[in-house]
Amino acid sequence: MKLLYFAWLKTKIGTAEEELSPPPEVSTVAALLDWLAARSGGHAEALADRDALGVAVNLEYARPEDPVGPDDEIALFPPVTGG
Amino acid sequence: MIRVQREDFDLGAEMAALTAGNHAIGGLAVFVGLVRDVVGEAALGAMTLEHYPGMTERMLQRIDAEANRRWPLEASLIVHRYGRLEPGEQIVLVAAASQHRQAAFDACHFLIDWLKTKAPFWKLEETEDGPKWVEARAGDDQAANRWRESGPGTRE
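Protein sequence lines, in the order shown, are assigned to chains A and B. Heads up: the first sequence begins at 15 in this note's numbering, then just goes up one per residue. Heads up: the second sequence begins at 280 in this note's numbering, then just goes up one per residue.
Take a look at the structure:
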């Protein structure tokens, strides 16, 4: 599973991208965020405010209950500020 | 049509290309976003726009398609820049052309309001206090919601 981090999430986690293999029971966005938050202090801090977190699975906005799998590209980011 | 690019754009050339050969167009509405030189009380030195390549293009195409579904447009365009930009530089261009002005105005307004809340861009501002990621504004959500509640066609 490929994880991408943008804006201040990248800074807090310390990398823009990582390849991870969560256990099979991590099968939803919500479960993935819980699993990621336990990986390091930086991850925990970056993922502390779930309401303010944007998630995309394979380039589409995703909700907490949406499924995730080993071949997915998951992006985590703060609210968008373009324009 | 949509484009995501580092380079600046020439507004006149873009408008000429967008309307070339189509004389059904009676109205062309354009919005251009520029980098301001002040953030709150602090002077802005520059701003860096980060985005999510792949998803950005997909979202912009969807926003463009939605505008064309809602209004009878003859042409439409979104150009969004990324990278480091200094005060006065152009960030974004949205344009909508239609037979009549109302559809052009409304579609142009819709394009920028939806882009601001859906396209995956993030702004990093450099001031004398150091670099700071811009926070999303509640007003941007309200502006986008307006099109959900009262736009012609309320389906997202």
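We put the beta carbon where it would ideally sit given N, CA and C, even for glycine.
Mark residue i as exposed unless 16 or more other C-beta atoms lie within 10 angstroms of its C-beta, in which case mark it buried.
i, result
"G68 of chain A", "buried"
"L313 of chain B", "exposed"
"V358 of chain B", "buried"
"P436 of chain B", "One cannot answer for residue 436 of chain B here, as it falls past the ends of chain B, which runs 280 to 435."
"D65 of chain A", "exposed"
"P399 of chain B", "buried"
"A101 of chain A", "Residue 101 of chain A falls outside the range modelled here, since chain A spans only 15 to 97, and no answer is possible."
"E74 of chain A", "exposed"
"R434 of chain B", "In this prediction, R434 of chain B has a pLDDT of 43, which is less than 50 and means its spatial position is unreliable; what the coordinates show is noted afterwards. Counting Cβ neighbours within 10 Å, R434 of chain B comes out exposed, since fewer than 16 surround it."
"R425 of chain B", "exposed"
Can you give the Cα-Cα distance for residue i and residue j, rounded to whole angstroms?
i, j, result
"L48 of chain A", "R77 of chain A", "The displayed chain sequence assigns Asp, not Leu, to residue 48 of chain A. Cα to Cα, D48 of chain A sits roughly 14 Å from R77 of chain A."
"A417 of chain B", "A344 of chain B", "25 Å"
"S355 of chain B", "F384 of chain B", "12 Å"
"N347 of chain B", "I304 of chain B", "14 Å"
"E353 of chain B", "E320 of chain B", "42 Å"
"A375 of chain B", "C387 of chain B", "5 Å"
"A299 of chain B", "V82 of chain A", "46 Å"
"L364 of chain B", "E39 of chain A", "44 Å"
"D408 of chain B", "P351 of chain B", "47 Å"
"D80 of chain A", "A322 of chain B", "42 Å"
"T95 of chain A", "V71 of chain A", "20 Å"
"K395 of chain B", "A52 of chain A", "32 Å"
"Y19 of chain A", "Q381 of chain B", "40 Å"
"H330 of chain B", "F91 of chain A", "10 Å"
"T42 of chain A", "P93 of chain A", "21 Å"
"G430 of chain B", "A295 of chain B", "Summary for G430 of chain B: the model assigns pLDDT 48, below 50, so the residue's position carries little reliability, and this model does not support an answer."
"I370 of chain B", "L290 of chain B", "12 Å"
"K16 of chain A", "D85 of chain A", "8 Å"
"Q284 of chain B", "L372 of chain B", "12 Å"
"V318 of chain B", "G367 of chain B", "13 Å"
"H57 of chain A", "E293 of chain B", "43 Å"
"H302 of chain B", "S377 of chain B", "10 Å"
"A62 of chain A", "A89 of chain A", "16 Å"
So, does the CB of residue i fall closer than 8 Å to a CB anywhere in chain E?
i, result
"I391 of chain B", "This model lacks chain E altogether; the protein chains it does include are A and B."
Using a C-beta cutoff of 8 Å, does residue i count as contacting chain B?
i, result
"P38 of chain A", "no"
"V94 of chain A", "yes"
"L73 of chain A", "yes"
"G56 of chain A", "no"
"A60 of chain A", "no"
Hey, is residue i's beta-carbon within less than 8 Å of any beta-carbon in chain A?
i, result
"A398 of chain B", "yes"
"H388 of chain B", "no"
"G432 of chain B", "The pLDDT assigned to G432 of chain B is 47, lower than 50, so where the model puts this residue is not dependable; a value taken from the coordinates is nonetheless given after this. Cβ-Cβ to chain A under 8 Å: no for G432 of chain B."
"H379 of chain B", "no"
"E329 of chain B", "yes"
"E435 of chain B", "For E435 of chain B, the predicted model reports a pLDDT of 43, less than 50, meaning its position is unreliable; a value from the coordinates is still stated below. No, no contact with chain A."
"L372 of chain B", "no"
"V283 of chain B", "no"
"V314 of chain B", "no"
"V309 of chain B", "no"
"L290 of chain B", "no"
"M334 of chain B", "yes"
"A415 of chain B", "yes"
"L394 of chain B", "yes"
"W412 of chain B", "yes"
"R337 of chain B", "yes"
*Which residue spans inside the segment 300-375 of chain B form an unbroken beta strand (DSSP E) run of at least 3?*
Counting only runs of 3 or more, we get 306-313, 321-330, 352-360, 362-364.
*In chain order, which alpha helix (DSSP H) runs of at least 4 residues are fully inside the segment 34-65 of chain A?*
For the segment 34-65 of chain A, the continuous alpha helix (DSSP H) assignments of 4+ residues that do not extend past its boundaries occur at 43-51, 55-60, in sequence order.
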